[in-house]
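Beneath this line is the structure, given in C-alpha cells, with notes to follow.
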Amino acid sequence: MIVSRDASGAAGATAATAATEATEATQDHPLVRLALLTLVVAVFALLIALPLAVVLTGAFRHGVAAYVQRVTDPLTLSALRLTLVVVAVAVPVNIAFGLGAAWAIGKFDFPGRSALVTLIDLPFAVSPVISGLAFVLLFGGRSAIGPWLVAHNIRIVFATPGIVLATVFVTFPFVARELIPVFEARGTIDEEAAIVSGASGWQTFWRVTLPSARWALLSGVALAVARAAGEFGAVSVVSGHIRGRTNTLPLHVEVLYDSYDSTGAFAVASLLVAVALPTLVVRWAIEWREESVARGGRVRDDSAAQIASAEAA
Amino acid sequence: MFVLIPLSTVLLTAWTLSPDRFWAAVGSPRAVASYRLSFGASLAAALANTVLGVLFAWVLVRYRFPGRRALDALVDLPFALPTAVSGIALTAIYAPTGPVGRIMRFPIAFTPLGVTIALVFIGLPFVVRAVAPVLAEMGTSAEEASAVLGATRWQTVTRVTLPMLFPAILTGTALAFARALGEYGSVVFIAGNMPMRTEIAPLLIMTKLDEYDYAGATAVASVLLVGSLAVLLILNRLQALAGARAGMRAAA
Amino acid sequence: MTPRGAAVPVAIDVRGIAKTFKGADAPAVANVSLYVPEGRLTALLGPSGSGKTTMLRMLAGLEIPDAGSVRFGDTDVTLRPARARGVGLVFQQYALFRHMTVFENIAFPLRVRHWPRPEARARVEELLALVRLDGFGPRRVSSLSGGQAQRVALARALAPRPSVLLLDEPFGALDAQVRSELRRWLRSLHDQLHVTSVLVTHGREEASDVADEVVVLHQGRVQQAGVPAHVAANPATQFVEEFFAGARIHSPSIPLYAAS
C-alpha cells in the first residue's frame with residue numbers, strides 16, 4: 028500500500044508532540060502564528076485555567092482554617108473513605124480485565140473481535156446516568172433479582188456494593204483503551220520469541236508483555252483512578268444520596284453546594300482536584316519521556332525484544 | 119458480557135412497559151424539550167470543539183513556545199477532572215456573580231448557552247487528542263510537496279493538510295458529541311435545570327427516579343441510549359469509510 | 002517558469018553553497034559548487050549522510066543555504082521560497098496526496114495556479130499518456146503499485162512545465178526490477194523533454210545509466226565531477242576510488258539507448 032510517511036518515522040502511538048521540524052516552506056506566516064497562538068492561549072485561559080483557579084480560590088476564600096475545618100469534617104471524611112474504597116476495588120478489577128482484553132484484542136484476531144472493541148467503548152459513550160439506572164433496574168427492589176437479594180439481606184443498590192459496581196462499569200474502558208494500541212503495534216513477535224527461548228506462559232506475560240506496555244498501563248491506571256474517584260452521574264443514581272453512608276466525595280460536593288456552603292463545596296472539590304492533577308502529571312511525564320526517547324533514537328524498553336530477537340536470529 | 123447485561127436491562131425494561139406509558143413518557147413536552155436541549159447543545163458544542171480542537175492541535179503540534187508541554191498536558195484537564203468539580207467551577211465562573219458572568223451583558227449561567235459552554239469544556243480534549251497524533255504523524259512531507267508544486271500556504275492547508283486530517287477530525291467531533299449527549303455532572307449545576315428550558319435529558323431521568331417514576335425514567339433513558347448507540351454506530355461506519363478512503367488506519 | 006507555453010530549459014549554477022543544521026556537529030553541506038548545463042541530467046551521487054539530499058532541498062527551496070548562491074539561468078533564486086521557484090520535485094516516498102485521485106494529484110499544481118478546467122484536464126491527459134498511465138485518472142492513490150505511484154509523482158511534478166526537475170532517490174523505494182526498468186524509462190523521457198534535471202542517488206550504476214554527468218559527494222563536499230565512466234576510471238580521491246570499486250560502468254562509446 029502506498030503510504031506517504033515522514034522519513035523520521037517517530038514511533039509514539041500516543042505522543043501528540045511531534046519531532047518533525049517545519050521547514051521554511053511549511054511554516055505559517057509569523058503573524059498567523061502569533062494570532063493562532065494568542066487565540067489558543069486565550070481560550071485555554073478562559074476555558075480551562077479559569078475553572079481550576081476558581082476552585083482553588085473558592086476553597087480558600089475564608090482562610091486556611093475554614094478550609095481545614097471543612098476538609099476534616101466527619102461527613103467529608105466518611106465520603107473520602109467511601110471514595111477510596113471504591114477506587115481501591117474498581118481500579119484493580121479494571122486493570123485485570125483491561126490487561127486481559129487488550130492482550131487478546133491487540134495480539135490476536137478472532138471472530139467478534141471488533142464487536143468486543145465496540146463493546147469496550149460502550150460505557151464511554153453512554154450517559155453515566157443511564158449506567159446507574161441500569162444497575163438500579165438490575166439489582167433494585169423491583170427487579171428480577173431484587174426480592175432474592177432482599178431476602179438474603181444483601182444490599183447492592185443504595186449501598187456500597189452498588190456504587191462499586193457502577194464505578195467499575197463506568198471506568199471499564201480506560202485501561203483497555205490505553206493498552207490496545209500498544210499491544211496492537213507490537214504484535215506477537217516478542218512473546219513468540221520468548222516462548223521459543225523456553226519461557227512459560229506466565230513468565231512471558233510478566234517479563235515480556237507487561238514491561239512493554241508499562242507506560243500505557245500507568246497512563247490508563249491514572250485515568251481510571253481519576254475517573255473512579257470523580258464519577259458523579261452513575262453513582263448519583265445508584266447511591267440514593269444517604270449522607271454519611273453512601274456519599275462519595277463528588278456527591279458530597281453536590282450536597283454542600285446545594286446547601287449553599289460554597290466554601291465547603293470548593294474545599295472538598297479541591298480534594299478531588301488533588302486526585303485529578305497527579306493524573307495529568309503522570310501523563311505529562313510519560314509523554315515527555317516518550318518524546319525524549321524518540322529524539323534520542325534509542326528505545327530502552329525494547330531490551331526484551333532485542334534479547335529475544337538476538338537469540339532467535 | 120459485563121457491559122451488555124446492564125445496558126440490555128434498560129432496553130428490556132423499557133420494552134416491558136405498556137406502549138401507552140412508554141410513549142407518554144417519551145413524548146411528553148418536557149421530555150421532548152429535554153431531547154432538544156441535549157441534542158442541540160451537544161451538537162453546537164461539538165462543532166465549536168471541532169474548530170477549537172483543530173486550532174489547539176495545530177498549535178500544540180506545529181509550534182514551539184515556552185510552556186507548550188504544560189499546555190499539552192492541561193488540555194486533558196476537562197477529561198480528568200471529576201465532573202462535579204467542573205460543574206461547580208463553571209457555574210461559579212458564569213453565574214451573575216462570577217468573573218465572567220459579571221462582565222457579560224446577557225446571562226450565561228442557567229441558560230442553554232451556559233449548558234453549551236460547559237459541553238464545549240468537556241468535549242475539547244476529545245478533538246485535540248484525536249487530531250494531534252495524526253497531525254504529528256503526518257509530518258510535513260505532503261505540505262512540502264504542495265509548496266514545491268506552487269501552492270500558497272493557505273492553499274496547502276486548506277487543500278492538503280485539512281482534508282488529510284478529516285477522518286481524525288470526524289472521530290474527535292463524534293466522540294465529543296457522544297460524550298456531550300450523556301454528560302451529567304458538569305452540566306447539571308450550570309444548567310439551573312428549569313424544566314422545558316434548561317433541563318437536560320440525563321437530569322430528566324434523575325428527576326423521574328427521585329419521583330419513583332421508574333417507568334418514565336427507563337423510557338426516557340432508552341431513548342437516550344438508543345441515540346447514543348446510534349451515534350456510536352455511525353461513528354464506526356464513518357471511521358471505516360473515511361479511513362479506507364484516505365488509505366490509512368483510522369485512530370482507534 | 003512560463004505558465005503555459007513550452008518550458009524553457011535553464012542552466013543551474015550553484016556557487017559555494019553551505020548548510021549546517023541546528024544542533025549538528027558538522028555541516029550537512031560544506032562548500033559545494035556545481036553547474037548543470039541547460040537540458041542536461043546530472044546525478045548527485047554519494048552514500049547516506051553525504052549531503053546530497055540537503056543539496057537537492059536547497060535547490061528546491063525547502064531549505065535556505067547559510068552561504069553561497071543558486072542561480073537558475075540568469076535569475077538568482079537563493080532566497081526564493083519553494084513555491085516561486087518553478088521546479089518540479091519527485092520525492093523518494095512519492096508524497097502523493099492520499100485523499101485525492103490520480104487525476105486530482107496531477108492537476109493539483111495547475112489548480113493552485115488557477116488554470117481553467119478544460120486546459121488543466123487536457124494537460125493531465127497529456128501527462129498520463131506521457132507516463133504511460135492512460136486511463137488511470139479516476140484511480141485512488143492507494144491502489145497504485147510503487148512504480149505507478151512514482152510515475153504519477155513524476156507527472157505531477159512535470160505538470161506546470163518546470164524549467165528544472167529534481168528527483169530525490171526516486172526509485173529507492175522500489176524493488177530491483179522495477180527500478181532498472183524505470184531508470185531506463187526516465188532517461189528516455191529526459192531525452193524527449195530536455196528539462197534540466199538533477200537526480201540524487203546512492204547507486205553507482207543508476208547514476209551512470211541515467212546521467213550525463215555525475216557529481217560525487219562525501220561529507221558535504223564535492224569529491225569529483227564528470228562523465229560517469231571517466232570518473233569511475235580516473236578517481237581523483239581515495240573515497241571516489243573506493244566508492245566505485247567493483248562497479249561496472251558503461252563507457253560512453255557503447256550506445257545504450259537508441260536515438261529517440
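Chains as they are written, first to last, in my numbering: chain A, 28 to 340; chain B, 119 to 370; chain C, 2 to 261. Heads up, the beta-carbon is just placed ideally off N, CA and C, and yes, glycines get one too. Note that the coordinates shown come from a computational prediction; the quantities given were computed from them, not determined experimentally.
So, at 8 Å on beta carbons, what are the nonlocal neighbours of residue i in its own chain, with the 5 sequence-adjacent residues on each side left out?
i                 : result
Ala249 of chain A : Pro305, Thr306, Val309 and Arg310
Met101 of chain C : Phe109 and Val142
Val300 of chain A : Leu79, Val82 and Leu83
Ala453 of chain B : Nothing can be reported for residue 453 of chain B, as the shown portion of chain B is limited to 119 through 370.
Tyr36 of chain C  : Ala12, Ile13, Asp14 and Val15
Asp213 of chain C : Arg41, Leu42, Thr43 and Val228
Phe312 of chain B : The sequence given here has Met at residue 312 of chain B, not Phe. Same-chain partners within the cutoff: Phe228.
Phe245 of chain C : Arg205, Val232, Ala233 and Pro236
Leu60 of chain C  : Ile13, Val15, Val71, Val88, Val165, Leu167 and Val199
Asp176 of chain C : Gly147
Leu134 of chain C : Val103, Gln149, Arg152, Val153 and Ala156
Using CA atoms only, rank isn't needed, just tell me which of the options is closest to residue i.
i                 : options                                   : result
Leu298 of chain A : A:Leu107, A:Val59 and A:Pro78             : A:Leu107
Pro251 of chain B : B:Val179, B:Thr229, B:Ala358 and B:Met324 : B:Val179
Ser263 of chain A : A:Glu205, A:Val302, A:Ile190 and A:Arg97  : A:Ile190
Arg157 of chain C : C:Gln193, C:Glu105 and C:Asp67            : C:Glu105
Val68 of chain A  : B:Val275, B:Ala335, B:Asn354 and B:Pro184 : B:Pro184
Leu206 of chain A : A:Gln54, A:Phe71 and A:Ala123             : A:Ala123
Gln152 of chain C : C:Val91, C:Asp176, C:Ser144 and C:Asp77   : Before going further, note that residue 152 of chain C is Arg rather than Gln in the sequence given. The shortest C-alpha separation from Arg152 of chain C is found at C:Val91.
Pro150 of chain A : B:Ile323, B:Gly300 and B:Arg154           : B:Gly300
Gly138 of chain C : C:Ser146, C:Tyr95 and C:Arg122            : C:Arg122
Ala186 of chain A : A:Phe201, A:Phe166 and A:Phe199           : A:Phe166
Asp190 of chain B : B:Leu155, B:Ala151 and B:Phe244           : B:Phe244
Leu351 of chain B : A:Val223, A:Val295, A:Ser141 and A:Leu66  : A:Ser141
Return the chain-ordered list of same chain residues with a C-beta closer than 7 Å to the C-beta of residue i, the five sequence neighbours on each side being excluded.
i                 : result
Asn32 of chain C  : Gly17, Ala19 and Arg222
Ala202 of chain B : Gly303
Leu128 of chain C : Ile107, Ala156, Leu159 and Ala160
Pro82 of chain C  : Gly62
Val275 of chain B : none
Give the range of the beta strand (DSSP E) segment to which residue i is assigned.
i                 : result
Ser70 of chain C  : Ala68 to Phe73
Ile221 of chain B : No beta strand (DSSP E) holds Ile221 of chain B; the alpha helix (DSSP H) holding it covers Pro217 to Ile221.
Ala121 of chain C : That residue, Ala121 of chain C, is in no beta strand (DSSP E); its alpha helix (DSSP H) goes Arg118 to Leu131.
Asn311 of chain B : No beta strand (DSSP E) contains Asn311 of chain B, which DSSP labels as neither H nor E.
Ala1 of chain C   : Nothing about residue 1 of chain C can be read from this structure; chain C reaches only from 2 to 261.
Ile13 of chain C  : Ile13 to Lys20
Less than 8 Å between the CB atoms is what I'm expecting for residue i and residue j, so what's the real figure, rounded?
i                 : j                 : result
Ala255 of chain A : Val120 of chain A : That pair is no contact at about 10 Å.
Gly16 of chain A  : Gly247 of chain A : The requested residue 16 of chain A does not occur in the structure, where chain A is confined to residues 28 to 340.
Phe98 of chain C  : Ala260 of chain B : 6 Å
Val196 of chain C : Pro163 of chain C : 7 Å
Ala175 of chain B : Val278 of chain B : Ala175 of chain B to Val278 of chain B, Cβ: 16 Å. No contact.
Ala221 of chain A : Ala129 of chain A : Wrong, their Cβ atoms sit about 18 Å apart, outside the cutoff.
Ile240 of chain B : Pro196 of chain B : 5 Å
Using a Cβ-Cβ cut-off of 6 Å (strictly less than) and excluding sequence neighbours within five positions of residue i, which residues of its own chain qualify?
i                 : result
Leu109 of chain A : Thr275
Tyr284 of chain A : Ala292
Thr194 of chain A : Val113, Ala117, Ala255 and Glu258
Phe295 of chain B : Ser160 and Ala164
Gly271 of chain A : Confidence is the limiting factor: at Gly271 of chain A the pLDDT is only 48, short of 50, which leaves the residue's position unreliable, though a coordinate-based value still follows. Taken in chain order, the residues that qualify are Leu102 and Ser105.
Ala286 of chain B : Ala248, Val249, Val252 and Ala369
Gly133 of chain A : Ile207, Phe210 and Glu211
What span of residues does the alpha helix (DSSP H) with residue i cover, start to end?
i                 : result
His279 of chain A : Leu276 to Asp285
Thr197 of chain C : Careful: Thr197 of chain C lies outside any alpha helix (DSSP H), inside the beta strand (DSSP E) at Thr197 to Thr202.
Tyr212 of chain B : Thr201 to Tyr212
Asp148 of chain A : Arg140 to Ala152
His191 of chain C : Ala177 to Leu194
Looking at the ligand ATP, does it come within less than 6 Å of residue i, judged from the CB to the closest heavy atom?
i                : result
Arg60 of chain A : For the structure depicted, the ligand ATP is absent and the ligand set is empty, with no information on it obtainable.
Could you run through the region 135–154 of chain A and flag, in chain order, every residue whose CB is less than 9 Å away from some CB of chain B? Of all residues in the region 135–154 of chain A, Ser141, Val144, Thr145, Leu146, Ile147, Asp148, Leu149, Pro150, Phe151, Ala152, Val153 and Ser154 have a Cβ within less than 9 Å of some Cβ in chain B.
Using a Cβ-Cβ cut-off of less than 9 Å, give me the residues of the region 76–94 of chain C that come near chain A, in sequence order. Per Cβ criterion, the list reads Pro82, Ala83, Arg84, Phe92, Gln93 and Gln94.
Which residues, in chain order, does the region 330–344 of chain B contribute to contact with chain A at a C-beta distance below 7 Å? Here the close residues are Tyr332, Ala335, Thr336, Ala339, Leu342 and Leu343.
Just by C-beta distance, which residues in the region 283–311 of chain B are closer than 9 Å to chain A? Hits within the stretch, in order: Leu293, Ala296, Arg297, Leu299, Gly300, Glu301, Tyr302, Gly303, Ser304, Val306 and Phe307.
By the 7 Å beta-carbon criterion, what residues does the region 316–330 of chain B contribute toward chain A? Taking a C-beta cut-off of 7 Å against chain A, the contacting residues of the region 316–330 of chain B are Pro320, Ile323, Met324 and Leu327, listed in chain order.
Along the region 243–277 of chain B, where does the CB come closer than 7 Å to a CB of chain C? Name the residues. Those residues of the region 243–277 of chain B that come within reach of chain C (Cβ to Cβ, closer than 7 Å) are Ser259, Ala260, Glu262, Ala263, Ala265, Val266, Leu267, Gly268, Ala269, Thr270 and Gln273.
Which of the residues in the region 60–71 of chain C, read from start to end, lie with their CB under 7 Å from any CB of chain A? Listed in sequence order: Gly62, Leu63, Glu64 and Ile65.
Against chain B, which members of the region 22–39 of chain C pass a CB distance test of less than 7 Å? Taking 7 Å as the Cβ-Cβ cut-off against chain B, none of the residues of the region 22–39 of chain C qualify.
Any residues in the region 169–188 of chain B with a beta carbon nearer than 8 Å to a beta carbon of chain A? Which ones, in chain order? Only those residues of the region 169–188 of chain B whose C-beta falls short of 8 Å from the nearest C-beta of chain A are listed: Leu170, Leu173, Phe174, Ala175, Trp176, Val177, Leu178, Val179, Arg180, Tyr181, Phe183, Arg186, Arg187 and Ala188.
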